[in-house]
Amino acid sequence: MARHLFAGFSGIVVAVAIPIVVMAVSYRLTDKSTHYTFEPRGQGSFEPRLANYVGFAQYIIGLATGSLALAAGSSILKSSGVLHWRFASPLTLLGASVIYGVCFIALINYFYEGFLHDAHSYKQFRYNLNNTFGFSCLLSFAIGYMWLAVIITKSS
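Residue numbers (my numbering): 48 to 203.
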């Protein structure tokens, strides 16, 4: 049987690995242009898309925080008052998805604001950073939930 250093260790390793892998893939797949544009279809064309991106990230953040709150609340109903240690890793991933989602929302707005002032400020690193936090939010959430489903079905 595998040994764990502490509860949630595997989740931390996966939560750190996800953005590293996403950043590497994003760099590999993106054009090495001098700069990127938020608005290929003209001035103001990104704002509806920005609202979609932010809304989607907020949705994931809401689901993840709700799940974390529900898990914490359900531990109160247990006689020991704590969840089984196996829940730590998937819950860590759900927490990471919240962090990555908040970073995504903050950075996409910050970079877009910078782009509005200087159209050449949005370079490959910033583009890939947005991709990294956005997809890391989604992947952490999905993997965390799948991991949670496996643990719940194994223990019942």
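Backbone N, C-alpha and C define an ideal beta-carbon position, used for all residues, glycine too.
Being a predicted model, the structure only gives us computed values, none of them experimental.
Throw me the rounded Cβ distance for the residue i and residue j pair, which I believe falls under 8 Å.
i: A54; j: A135; result: 4 Å
i: S144; j: F188; result: 4 Å
i: Y83; j: Y169; result: 5 Å
Alpha carbon to alpha carbon, what distance is there between residue j and residue i?
i: G161; j: C184; result: 23 Å
i: L176; j: N156; result: 13 Å
i: T81; j: L195; result: 42 Å
i: F85; j: Y192; result: 32 Å
i: M70; j: C150; result: 14 Å
i: G8; j: A118; result: Outside the displayed range of the chain (48 to 203) lies residue 8, so it cannot be described from this structure.
i: F93; j: L163; result: 11 Å
Helix, strand or coil for residue i, going by three-state DSSP, please let me know.
i: F158; result: helix
i: S80; result: coil
i: P66; result: helix
i: A54; result: coil
i: K201; result: helix
Please return the same chain residues whose Cβ sits closer than 7 Å to the Cβ of residue i, not counting the five positions on each side in sequence.
i: A62; result: T139, L140, A143, S187
Once you ignore the five residues that flank residue i on each side, which residues in its own chain have a CB closer than 6 Å to its CB?
i: G181; result: F151
Answer yes if the segment 64-77 comes into contact with the segment 100-110, meaning at least three C-beta pairs across the two stretches below 8 Å, and no otherwise.
-> no
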